[in-house]
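The sequence shown begins at 743 in our numbering and counts up one residue at a time. Built from N, CA and C at the ideal position, the CB exists for glycine as well. The model shown is predicted, which means the values in this text are computed figures rather than measured ones.
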Amino acid sequence: MRRRLSTLTLAIALCMPNWLSAQTESEPNDNSAQANALTLGTAMTGDIGGAPCASGTSNDWFVITTTQDGTLSLNTNTTTSGGPGALRVHVYDPNGNLINYYDHGADGTPVNQTSTLACVGKGTYYFQLARLNSECYTYAFTVTLSTPVFADDTEDNDNTGQATALAHNTYAQGHLNFGYTGDNDDWYAFTTTVEGSSTFTTIAESEGGGAVRTHLYDGNGNLITYFDAGSGAVHDDDTTSFTYDCLGQGNYYLRLVSIGGCGHSYKLKFQSTGAVYANDLEPNNSAGQAFTNGALAPNTFTEGHINFTYYGDNSDWYFIQTPAEGTIRLTAIAERVPVANGNIRVHLLDGNGNLITYWDPVAGGSNTAVTTVVEYDCAGQGDYYLQVVSINGCGISYRLKYETLPAVYGNDAEPNNSSGEAFSNGPLAHNTFTEGHINFTYYGDNSDWYFIQTPAEGAMSITMIAERVPVANGNLRVHLHDGNGNLITYWDPLAGGGNTPTTSVLGYDCLGQGNYYLQVVSINGCGISYKLKYQTIPAVFGNDAEPNNSFGQALVLNPDSSSASGHINFTYYGDNDDFYRVVLPGAGNIAFDLEAENAAGGALRVHLKDGNGNLINYSDHTVGASHTPAGSAVAFNALGAGTYYLHLVSIGGCGISYRMNCNDADADGTCNFFDLCPGGPEPGTPCDDLSACTSGDEIQANCVCAGTFEDTDGDGTCDANDGCPNDPDKIAAGICGCGIPDTDTDADGTADCVDPCPALANLVNGDACDDGNPNTTGDVVTNCICAGTLANDCEGVPGGPAQPGTGCDDDDICTINDVYDVNCNCAGTFEDTDGDGTCDANDGCPTDPDKTAAGQCGCGAPDTDTDADGVADCVDACPELPGLTNGDACDDGNP
């Protein structure tokens, strides 16, 4: 906009000839040393030349000192005594050097003429007025000063050491390139309090226009950049703003110079805008400094700045301690002021500072934060570092957090990396899951050992449930070792990807009871968590008592009195030799039924040997597969009395369980030797005596099946045949049902229980009848009473309502339902609920046939007084001691 200039010219000088209010020259003033002092805005009158001029022919000198920069206006009002010519005004600087001159014409006619000298710096100036012919010149000479729009800066401020402090967001004013006494170098020092962007605003103006250049320097005086601002001509100021991004927090300088035009006045300010997110805690430029700063809290954002120039840095380190094994999820939210997006790089390093991997999250331009979420799977629990750098773009602010997504299952107890450590940890509980982790990188391991002690011989079933974070499935390998660490076998169960647990059931048959080890490793994929349990599925038949592996250790067997079971050929802890000793007291046979089973089938050989161990005979017997016993007969016949041995071995198949069943001729489950009923079941065995009238049938001591006769109501008809098993008077429900007699009081063929008027044969209420009274008419059954209408009712009222069968009051509180009978007698039904002879109205206990008053114990409880002391037992503290209670003195009768 155009601003009004300040002027020191007196208003009178603008509205009347300058010489009307004037000073007069004082001679001698013929050189600069003699110069007369001028007053701004006040005319100085004088003359130069011969007569009629009075002051002589020498030139006139004047001097003026200005305290402000600006534009000088030189006005002369001149006349001459005749002839052409001009009055020349010379302008000199303080050192007497000619700046310029101006010719103000005069030809005998008065001339009023003004010239201007722009861009004049404050100071002392000399003016020499000289005539250009020999005439006499008379003049009035006036000097005025127009000042710039903006105030001058405080000098000296011509270098970094003299720089003027510039407050934040506050304008400073100054002048540039005012000639002769001014300067073209203004320096300012400022400090940014935040990292971010700084905007520099310059408002400049001058007489003739031009440009001002602003240089930005760092704190050491090194040039960062510069920008040019226009200076509005004719004192119409121009505003220019320039923003420099990515400045770090610190000290800077601004240097202003004119690069076009002179006499600039200006206003200057800077304004810093911080980044979106706060700065990080410094120093954190190395792993060691990050460790000193302490570990980042999990799942908690921290904020920081990267690559802010001149005072920032491009390396931020953070120390983290993962709370569990699993997936490290990193969330980075980053932005920068410039429009173009940038990129940071986040390095993940192990606890020794070795690079594991990195990611390049986007830093959104124009302060538009962009969120990036990345994950690193399979990280073991331990120490890590994060390093943040910018790989594209300066001035990035960010928020950063990490969280550990734990595996589905818990970790195993370490150390368990060898059989010895597994043994020290103690055996796994049978049929109980344990959980573990395998192949988590950097802090995990790839070998988990477990010690187990099988509780029995049989098949081992191993259940493995395994998962991993990565989408692709993985594989574990589960080794089974014997108690000495020798490999027996292995399986490769699946580990489901995407945190989808996969269940595998592994099996191994024929294991003997003893010590084993399981070793778990990953053979495909990192970061696997699992649940593991083992279960021993025992053989169908029980084990034999060991040792019985030789003649001397043989177990006694009597096939007529006992069965025997055992195991043969269970690997690693079992044996393939079972001996039994059989004694025949007389000539006869050794015979019994044999059952045998295992997983895959096979054959069992039974050797018969004499008392000296010599083989007499043998027989081979099938072993049922899939743990389904196969039965066969063992028979060694025509043997003499003596001692024999049975020697059992497997000749095909491992893990065989067997049972030699005792001889049971009647197949009742009792060996012949102990059978009390050789032809059938034993006493106490449930049976059926084929009688519907008995229950609880079982074999009696005489080996006969018999039960208990059931007749609940004792009417001689058993419950099974009794239609009313709880009614001793009926064996069928009849008309009235069980518990109600089929009585027919009026013998009309309709039982009282369904007869509306059980005392009136073949009549019901409302039927016409004959009451036998000739004095009544309209006889009808009402309330099961046959009665007609008397001319006078029962109360003697002609045609009155008190007719037989209608209600009345017999004035007896013991009756209810009072009505007139055919003879007009009013009578009711005696009410005695408990049947004790006292009507309910007078009975204090109407439902207690033993009491008519509550007494001391209340209705339903007898007032028994055992000790006859007048206090009923129910309230007597000592019901057997008359007149005594606990604590009373007494005589126990013992002297």
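- Measuring C-alpha to C-alpha distances from V1564 to each of D1554, G950, C1550 and C1528 identifies C1528 as the nearest.
- Between the stretch 1023 to 1030 and the stretch 965 to 982 there are fewer than three C-beta pairs closer than 8 Å, too few to call the two in contact.
- Here I1138 is near A1105, since their CB atoms are less than 7 Å apart.
- For L996, the beta-bridge partners assigned by DSSP are Y930 and L958.
- Around the beta carbon of G788, a 10 Å sphere encloses 16 or more other beta carbons of the protein chains shown; the residue is thus reported as buried.
- Listed in chain order, the non-local C-beta contacts of G847 below 6 Å within the same chain comprise A828 and V853, local neighbours out to five positions each way being set aside.
- Nearest neighbour of C1429 by Cα position, chosen from F1416, C1445, N1414 and P1420, turns out to be C1445.
- Closest by C-alpha distance to G1373, out of L1390, E1337, A1544 and G1227, is E1337.
- Between P1197 and H1172, the CB-CB gap stays under 7 Å.
- For N1083, the three-state secondary structure derived from DSSP is coil.
- Shown here, E1288 sits in coil according to DSSP, grouped into three states, outside any helix or strand.
- At the C-beta level, L887 and G812 come within 7 Å of one another.
- In the DSSP secondary-structure assignment, Q870 is bridged to W803 and H832.
- The C-beta distance from V1220 to N1109 rounds to 55 Å, too long to fall under 8 Å, and the pair is not in contact.
- In this structure, P1588 sits near T1575, with a CB-CB distance shorter than 7 Å.
- Of the candidates S815, V862 and V999, S815 places its Cα closest to the Cα of Y844.
- The Cβ atoms of G1225 and N1257 sit closer than 7 Å to each other.
- About 16 Å separates the Cβ atoms of N1584 and T1571, ruling out a contact at the 8 Å cut-off.
- A straight line joining the alpha-carbon of L859 with that of T1015 spans about 43 Å.
- Annotated three-state conformation of Q1129 is strand, per DSSP.
- Within the DSSP bridge table, the entry for N1359 names L1350 as partners.
- Judged by DSSP secondary structure, G1030 falls outside any beta strand (DSSP E) and instead within the alpha helix (DSSP H) spanning A1029 to N1035.
- Here A907 carries a strand assignment [DSSP, helix/strand/coil].
- In the three-state reduction of the DSSP assignment, E1163 falls in the helix class, which pools H, G and I.
- Assignment of T902 by DSSP, reduced to helix, strand and coil, places it in the helix class.
- Fully contained in the stretch 764 to 813 are the following beta strand (DSSP E) runs of length 3 or more, in chain order: 764 to 766, 785 to 790 and 802 to 808.
- C1252 is classed as buried because its beta carbon has at least 16 other beta carbons within 10 Å across all chains shown.
- Our two residues, D928 and I1001, have alpha carbons roughly 13 Å apart in a direct line.
- For G1216, same chain residues with a beta-carbon under 6 Å away, outside a window of 5 residues either side, are R1210, A1237, N1266, G1267 and I1270 in chain order.
- For A1529, the uninterrupted beta strand (DSSP E) run begins and ends at I1527 to L1532, by DSSP.
- DSSP, reduced to helix, strand and coil, places G1256 outside both helices and strands of the structure shown, so it counts as coil.
- Setting aside the 5 residues that flank it on each side, A1407 is surrounded in the same chain by N1414, D1417 and P1420, each with a C-beta closer than 8 Å to its C-beta; the list follows chain order.
- Within the model, the alpha-carbon separation for H977 versus N919 is close to 15 Å.
- Annotation for L1502: D1488, V1523, C1526 and C1528 place their beta carbon closer than 7 Å to its own, counting only its chain and skipping 5 residues before and after.
- Counted as a single uninterrupted DSSP element, the beta strand (DSSP E) harbouring G1046 occupies residues T1044 to I1048.
- Partner residues in the beta bridge of E947, as assigned by DSSP, are G974 and S1007.
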